[in-house]
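*Asks:* Here it is: the structure, laid out below.
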Amino acid sequence: MDGMNRSIVSEFVFLGLTNSWATQFLLFFFTVLFYLASMMGNLVIGFTVTLDAHLHSPMYFLLANLSVTDMAFCSITAPKMIYDIFKKHKTISFWGCITQIFFSHAVGGTEMVLLIAMAFDRYVAICKPLHYLTIMSPRVCLFFLVSSWIIGLIHSLVQLVFVVDLPFCGPNTLDSFYCDLPRLLRLACMNTQELEFMVTVNSGLISVGSFVLLVISYIFILFTVWKHSSGGSSKALSTLSAHVTVVILFFGPLMFFYTWPSPASHLDKYLAIFDAFITPFLNPVIYTFRNKDMKVAMRRLYSRLKHYRKQLGCEDGTRDA
C-alpha cells in the first residue's frame, strides 16, 4: 500500500525564488558567479596545500578537506538551481529529491565534524604547542577525516531510512529551489509530527550543540592566548578569527532551518542561497586573505607555475629551431 501511494507522486515541483524575469536574470548571473568562484577558490586551496611542502601540517590538511566538502556541498543544489532558474516548470524526481537530501545532510554533517576537528587542532596548537605534532599526528588527522565522513553518512541515513517509506499521494509542490527534509515531511499523506521532532533533534540540536561547543572552545582558547600573551598572539588571534567567522557562517543558516518555530516562513529558502553559494565562496576568501602562510604559498605556487610555463616555452622554441 505504501509503495502504491508513493508511486502516485513520482516527482516534486519547485516554486523557485521569483517569477520576475529581471530578478531571475540577476539571480542567474550572481549564482553562476559565486558558484564558479567558490569552486575555483576551494580548488586553489586544495592544490596549494597539496603541492606546497610548507603547508603539509595538520591545520592545512584539515583546511584542504574542508575545501573538498565545500565544493561538494555547493554542487549538491547549485547546478540544479542554476539550470532551473528560467524554467517555468521546475521539477525533480522522487529519488532525485531523496538523493539531494541524503548528500546535503551527509556532507553537511561531515563539515560539522571537520570544523570541530579544526577547533581541536587550534586548541592543541595554542594551548599545548610543545606536544602539537605528537597529539596531531598523521594517524589522528586521518582518524578525524574518516570519522567525519562516517558520522556524516550515519547522520543522513538515520533520517532518510524513515522518509523513503512514507506515502506521498499529493500535493507535490515545494516552496523552494531544492529538496529539504522539513518541507518534504509536510507533503506526506500521514501525520509526521514524530518524524519532524526526530529531525529537529537530529539536525537542530546537533547543529546548535556543535555551535555552542565550538564557541566555548574558542572562548577558552582566547583566554589562553591573553593569559600567555607573546609575539605569536597576533597570529593566533588572526587564525582564530578566521575559524570563528567560518563557524558562524556555516552554523547560522543551519540552526535557523531546523530550530525556527515557524516552518512556513519563506526566509529559509533565501538563507539557503547563502548556505549554498555564499558560504563556500567566503571560506576560501577568509582563509586566504586572513592567513599569511596561505598567501605566501600561493605566490610560491604561482611563481613555480610561471617558471614551468617559461621552461616549456623555451623547450618548444628550441625544438622549432
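If you use our numbering, the sequence shown corresponds to residues 9 to 329, in order.
Heads up, the beta-carbon is just placed ideally off N, CA and C, and yes, glycines get one too.
Here the structure is a predicted model, which is why all the values come from computation and not from measurement.
1) Could you tell me which residues DSSP pairs with F22 in its beta bridges?
2) Closest to T85 by CA distance: which of V293, L309 and G104 is it?
3) Smallest Cα separation from V254: which of F37, L290 and I90?
4) Applying the 10 Å Cβ sphere with the 16-neighbour rule, what's the burial state of L6?
5) If you measure between the beta carbons of I159 and V121, is that distance less than 8 Å?
6) Quick one: what's got a C-beta closer than 7 Å to G117's C-beta in the same chain, skipping five residues either side?
7) Kindly give me the distance between the Cβ atoms of F22 and I93, rounded to whole angstroms, as I take these residues to be in contact under 8 Å.
8) From V216 to L70, what does the alpha carbon distance come to, in whole angstroms?
9) Excluding sequence positions up to five away, which residues of its chain have a Cβ less than 6 Å from the Cβ of D276?
10) Taking contact to mean 3 or more Cβ pairs, one atom from each stretch, closer than 8 Å, check whether the region 46-61 and the region 278-295 are in contact.
11) I need the straight-line Cα distance from P175 to F20, nearest angstrom please.
12) Checking 8 Å against the spacing of the C-beta atoms, do A250 and H62 come in under that value?
13) Taking 6 Å as the limit between beta carbons, can you name the residues of its chain near T56, skipping five residues before and five after?
14) Which complete alpha helix (DSSP H) runs does the region 73-152 hold, if anything under 4 residues is left out?
15) For the putative contact between S182 and E119, defined by C-beta atoms under 8 Å, what is the C-beta separation to the nearest angstrom?
16) Could you say if the region 220-239 and the region 192-212 meet the contact criterion of at least three C-beta pairs nearer than 8 Å?
17) Alpha carbon to alpha carbon, how far is R248 from R130?
18) Please state whether the Cβ-Cβ distance between C149 and P66 is less than 8 Å.
19) Write down the C-beta distance between I134 and T39 rounded to the nearest angstrom, noting that I regard them as a contact closer than 8 Å.
20) Tell me which residues share the same chain as F170 and place their Cβ nearer than 8 Å to its Cβ, disregarding the 5 neighbours each side in the sequence.
21) Within a Cβ cutoff of 6 Å, which residues of the same chain sit near F97, ignoring the five residues on either side of it in sequence?
22) Between the beta-carbon of C82 and the beta-carbon of A284, is there less than 8 Å?
23) Would a C-beta distance cut-off of 8 Å place I143 and V132 closer than the cut-off?
*Replies:* So, from the listed chains and residues:
1) Per DSSP, the beta bridge partners of F22 are K98 and L182.
2) If we check each option's Cα against that of T85, G104 comes out closest.
3) Of the candidates F37, L290 and I90, the one whose C-alpha sits nearest the C-alpha of V254 is L290.
4) Outside the shown range of the chain, which is 9 to 329, sits residue 6, and nothing can be said about it.
5) By the CB criterion at 8 Å, I159 and V121 fall inside the cutoff.
6) So the qualifying residues of the chain are I159, G160, H163 and S164.
7) About 11 Å; that fails the 8 Å criterion.
8) In this model, V216 and L70 are separated by some 22 Å (Cα to Cα).
9) Correct list, in chain order: F265.
10) Contact between the region 46-61 and the region 278-295 is present, because at least three Cβ pairs lie under 8 Å.
11) Rounded to the nearest angstrom, the two C-alpha atoms are 14 Å apart.
12) Against a cut-off of 8 Å, the Cβ pair of H62 and A250 comes out as no contact.
13) Within the same chain, T56 has close Cβ partners A305, M306 and L309.
14) Within the region 73-152, the alpha helix (DSSP H) runs of at least 4 residues that lie entirely inside it are, in chain order, 102-135 and 140-143.
15) Residue identity differs from the one stated: residue 182 is Leu in this sequence, not Ser. A Cβ-Cβ distance of about 24 Å is found for the pair L182 and E119, leaving them out of contact under the 8 Å criterion.
16) Segment contact: the region 220-239 against the region 192-212, fewer than three CB-CB distances shorter than 8 Å; contact not assigned.
17) Looking at the sequence itself, residue 248 is Leu, so the reference to Arg does not match. Answer to the nearest angstrom: the Cα atoms are 8 Å apart.
18) Taking 8 Å as the Cβ cut-off, C149 and P66 qualify as a contacting pair.
19) I134 to T39, Cβ: 38 Å. No contact.
20) Taken in chain order, the residues that qualify are L203 and M206.
21) Checking the displayed sequence, the identity of residue 97 turns out to be His instead of Phe. There are no such residues.
22) Their beta carbons are under 8 Å apart, which means C82 touches A284 by this criterion.
23) At a Cβ-Cβ threshold of 8 Å, I143 and V132 count as neighbours.
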